[in-house]
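Peer 1:
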Amino acid sequence: MQPRIFDPTKFDDLLVRFVVTTKQPFSIVKSSAFQDLLNHATMATDSQVKLPSNDTMATKTKHKYLEMEEQVIAMFTGIHKVSLTADGWTSPFQDDFLGVTAHWIDGNWTQKELVIGFEPLHGAHTGENLAEALVNVLERFHLGEKLQSITTDNASNMAKMVRDLVKHPKAAEWSLKGSLYHLPCLGHIINLAVQAMLGPCGLDDQPPVNDNLYPDDDEDDEATASAVEGTEPAVTKLTTLNKLRKGIVKIRASPPRRRQFDRICDIVKCPKLELTRDVSTRWNSTFTMVDRAIILKDAYQSMCQNEPKLGAYALEDDEWTYLEKLRCLLSQFETMTKTVSSSVGYPTINRAMSVYNAMIDTLEEFIEQETNPSLLRAAIQGKQKLLDYYSKTDSTPVYAVATAMDPRMRFDWWSANDWDEYIQISKDMVADVWKQYYKGKEGPIEQDTEIARQMKLYGIKKKTGELEEYVHEGSSLIACRMSLQS
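Going letter by letter, the sequence shown gives residues 621 to 1106 in our numbering.
(1) Let's test the definition: count the other Cβ atoms within 10 Å of the Cβ of Glu985 and tell me whether it reaches 16, buried, or not, exposed.
(2) Please classify Met909: is it buried, with 16 or more other beta-carbons within 10 angstroms of its beta-carbon, or exposed?
(3) Alpha carbons only, please: which of Tyr1057, Leu767 and Glu748 is nearest the one belonging to His788?
(4) Relative to the alpha-carbon of Asn777, which residue among Tyr1058, Leu996, Glu927 and Leu750 has its alpha-carbon at the smallest distance?
(5) Alpha carbon to alpha carbon, what distance is there between Leu996 and Phe654?
(6) Count the other C-beta atoms from every protein chain shown that fall within 10 angstroms of the C-beta of Cys885, then say buried if there are 16 or more, exposed otherwise.
(7) Cβ atoms of Phe761 and Ile810: under 7 Å apart, would you say?
(8) Pairs of beta-carbons, one from the region 913 to 924 and one from the region 973 to 989, closer than 8 Å: are there three or more?
(9) Measure the CB-CB distance between Val1050 and Ala1024 and report whether it falls below 7 Å.
(10) Measuring straight from C-alpha to C-alpha, what distance separates Phe626 and Ser673?
(11) Any contact between the region 869 to 881 and the region 890 to 897? By contact I mean 3 or more CB pairs, one from each, below 8 Å.
(12) My understanding is that Leu864 touches Ala913, with C-beta atoms under 8 Å, so please give their C-beta distance in whole angstroms.
(13) Taking the alpha-carbon of Tyr966 as reference, which of Trp794, Lys929, Ala1020 and His723 has the nearest alpha-carbon?
(14) Per DSSP, what kind of secondary structure is Ile820 in: helix, strand or coil?
(15) Per DSSP, Trp709 forms a beta bridge with which residues?
(16) Helix, strand or coil: how does DSSP classify Gly850 here?
(17) Our contact map puts Asp773 next to His745 with C-beta atoms below 8 Å; I'd like the distance itself, whole angstroms only.
(18) May I ask which residues mark the beginning and end of the alpha helix (DSSP H) holding Ile770?
(19) What does a CB cutoff of less than 7 Å around Gly807 pick up in its chain, not counting 5 residues either side in sequence?
(20) Return the CA-CA distance between Cys890 and Asp911, expressed in angstroms with no decimal places.
(21) For Ile1043, collect the residues of the same chain with a Cβ closer than 8 Å to its Cβ; drop the 5 residues on either side in sequence, then sort them by chain order.
(22) Taking 7 Å as the threshold (C-beta atoms), are Lys1005 and Leu812 in contact?
(23) Please name the residue, chosen from Ile725, Trp709, Gly819 and Ile969, that lies closest to Gly698 on a Cα-to-Cα basis.
(24) Check whether the Cβ atoms of Val720 and Gly708 lie closer than 7 Å to each other.
(25) Looking at the strands, I want to know which residues DSSP matches up with Lys732.
(26) Is it buried or exposed, Cys821, if we count other Cβ atoms within 10 angstroms and call 16 or more buried?
(27) Output yes or no for whether 7 Å exceeds the beta carbon distance between Ala792 and Gln1001.
(28) Please report the straight-line C-alpha distance between Ala775 and Leu767, rounded to a whole angstrom.
(29) For Tyr801, write down the residues that DSSP places opposite it in a beta bridge.
(30) By DSSP, does Pro928 sit in helix, in strand, or in coil?
What follows is the structure, encoded as structure tokens:
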């Protein structure tokens, strides 16, 4: 038997072949799971590692899933409340699924999340069908009685899914009626406001809903140009934003033009970046398109002015000024989307009220100062869309509780915004939730002796409950601590 000798060159060749033939991303070489697999394979006693058949691999995968599912079910037994996010998803093979992610706080006060459902959807995506798929997930993981809230996008079938869930026969067993909060995704609301600004009553410049108008980059240039030209009005009738969009599409659709654009970037000293295009389902993609076009303005203008078929898409100085204003307006929505779309393990619903107000304030200020009719209409439409959803935050205590429980805000946030009339309403909401879920479960309150002395000195009455102590601390105790620090 020949000795086993590791050949680094042979290994590299086999790795490249594996990545290329199986269409893996290059980043797979950074995968710890892939590295673990290779490390374990080195311990094989046979001369070769024997791989299972397709059927065996499928069976092993299913068995591993069931094993891990039991572990997750056992873990959830110690969790008091769980919130869900749910959304529809379509695979590259056009199979439809309902994705469900669970969110909870563990015993160490660490926020956790886990995908617990990827349910196949059959037939129309009605609220009833979606609710049935969601019930299957809740039953499988025994979460029905623990369910506190569901966050979805703002599609009508998602709203009906939650209503049908509450009416489902299982809902009575789980006591969901009156205790389940349905929260709209704020990131999606921000996108809806932007789409209202771009739509027929705003800029009248709605980007296409999908990529069908814009073929892949490797498509034939003439076919692409024909597809675009066959669907667009005369260039002279295009709005500024649509003219830019069409010019970008024509440049991106042709590999020779893209290479020429790179050369022009070198010549005019522009950053070597690609022009981007927008699609309505991609959040903030219009901002990204305009922002990138302004950065590459000199290259874009030079390309259009020196290419006969692109000349009609060159922009005038006043059109670039228009785009600068639009970028400034849309940048706030980009910033706020990032603010509420955290993926670093902390909640952001405590920021929802302030985010709504910041965006509405920005639009009101823009409306007061702007004179361009198109941009003015857009800002008005965006503001109205935000107000439509903002008015619904009073229908659930979640926003008031999340804001008040943020130590940086408490109830002082309402006072700082001169909304004293809402403070008592919010306090009542917080108190109701406290009584329903937490009162009687709080531990003893530790009181700093010096702070207690200061409270007695200033005639501040000691509170009897943890919630009262927390709320009161927003004013009285903070004043005491500031006195101690000074």
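Using N, Cα and C, we set each Cβ at its ideal position, and we do this for glycine too.
Peer 2: According to the structure shown:
(1) For this step, residue 985 is matched to residue 365 along the sequence shown. Classification of Glu985: exposed, given that the 10 Å Cβ count is below 16.
(2) What you label residue 909 is simply residue 289 of the sequence shown in a count that begins at 1. Looking at its Cβ environment, which holds 16 or more other Cβ atoms inside 10 Å, Met909 is buried.
(3) In the sequence shown, residue 788 corresponds to position 168, counting from 1. Selected option, being the one with the closest Cα: Glu748.
(4) Locating residue 777 in the sequence shown gives position 157, where the first residue counts as 1. Here the closest residue by C-alpha is Leu750.
(5) For this step, residue 654 is matched to residue 34 along the sequence shown. For this step, residue 996 is matched to residue 376 along the sequence shown. If you take the alpha carbons of Phe654 and Leu996, they lie about 54 Å apart.
(6) Sequence index remark: in the sequence shown, residue 885 carries index 265 (1-based). It counts as buried.
(7) Walking along the sequence shown from the start, residue 810 turns up at place 190. Walking along the sequence shown from the start, residue 761 turns up at place 141. No. Outside cutoff.
(8) no
(9) Residue mapping note: residue 1050 aligns to position 430 of the sequence shown, counting from 1. Residue mapping note: residue 1024 aligns to position 404 of the sequence shown, counting from 1. Closer than 7 Å, so yes.
(10) Translated into positions along the sequence shown, residue 626 becomes position 6. Translated into positions along the sequence shown, residue 673 becomes position 53. One C-alpha to the other measures close to 26 Å.
(11) yes
(12) For this step, residue 864 is matched to residue 244 along the sequence shown. For this step, residue 913 is matched to residue 293 along the sequence shown. Confirmed, Cβ separation roughly 6 Å.
(13) As a working note, residue 966 is residue 346 in the sequence shown. The shortest Cα separation from Tyr966 among Trp794, Lys929, Ala1020 and His723 belongs to His723.
(14) Numbered from its first residue, the sequence shown carries residue 820 at position 200. Residue identity differs from the one stated: residue 820 is Pro in this sequence, not Ile. If DSSP states are grouped into helix, strand and coil, Pro820 belongs with coil.
(15) Locating residue 709 in the sequence shown gives position 89, counting from the first residue. Paired residue(s): Phe717.
(16) Translated into positions along the sequence shown, residue 850 becomes position 230. Bear in mind that the predicted position of Gly850 carries a pLDDT of just 49, short of 50, making it unreliable; the figure below should be weighed with that in mind. Of the three classes helix, strand and coil, the one that applies to Gly850 here is coil, per DSSP.
(17) Indexing the sequence shown from 1 puts residue 773 at position 153. Indexing the sequence shown from 1 puts residue 745 at position 125. Incorrect: roughly 12 Å between the Cβ atoms, too far for contact.
(18) Position 150 of the sequence shown, counted from the first residue, corresponds to residue 770. Note, Ile770: premise wrong, no alpha helix (DSSP H); beta strand (DSSP E) at Leu767 to Thr772.
(19) By 1-based counting over the sequence shown, the position of residue 807 is 187. Hits under 7 Å: Trp903, Thr957, Val960 and Ser961.
(20) Walking along the sequence shown from the start, residue 890 turns up at place 270. Walking along the sequence shown from the start, residue 911 turns up at place 291. The straight-line gap from Cα to Cα measures roughly 14 Å.
(21) On the sequence shown, residue 1043 is found 423 positions in, with the first residue counted as 1. If we look at Ile1043 and ignore the five residues flanking it on each side, its Cβ neighbours are Phe1031, Trp1034 and Ser1035.
(22) Walking along the sequence shown from the start, residue 812 turns up at place 192. Walking along the sequence shown from the start, residue 1005 turns up at place 385. For Leu812 and Lys1005, yes; Cβs fall inside 7 Å.
(23) Your numbering for residue 698 matches position 78 in the sequence shown. It is Ile725 whose Cα lies nearest to the Cα of Gly698.
(24) On the sequence shown, residue 720 is found 100 positions in, with the first residue counted as 1. On the sequence shown, residue 708 is found 88 positions in, with the first residue counted as 1. Result no, Cβ atoms of Val720 and Gly708 do not sit closer than 7 Å.
(25) As a first step, residue 732 is located in the sequence shown; it is residue number 112 there, counting from the start. Answer is Trp724.
(26) Mapped onto the sequence shown, residue 821 falls at position 201. Exposed, by the Cβ-count rule.
(27) Along the sequence shown, one-based indexing puts residue 792 at 172. Along the sequence shown, one-based indexing puts residue 1001 at 381. No, they are not a contact pair.
(28) Numbered from its first residue, the sequence shown carries residue 775 at position 155. Numbered from its first residue, the sequence shown carries residue 767 at position 147. Going by the C-alpha atoms only, they are around 21 Å apart.
(29) Position 181 of the sequence shown, counted from the start, is the residue given in the question as residue 801. In the DSSP output, where bridge partners are listed per residue, Tyr801 has Ser769.
(30) The count along the sequence shown starts at 1 and reaches residue 928 at position 308. Of the three classes helix, strand and coil, the one that applies to Pro928 here is helix, per DSSP.
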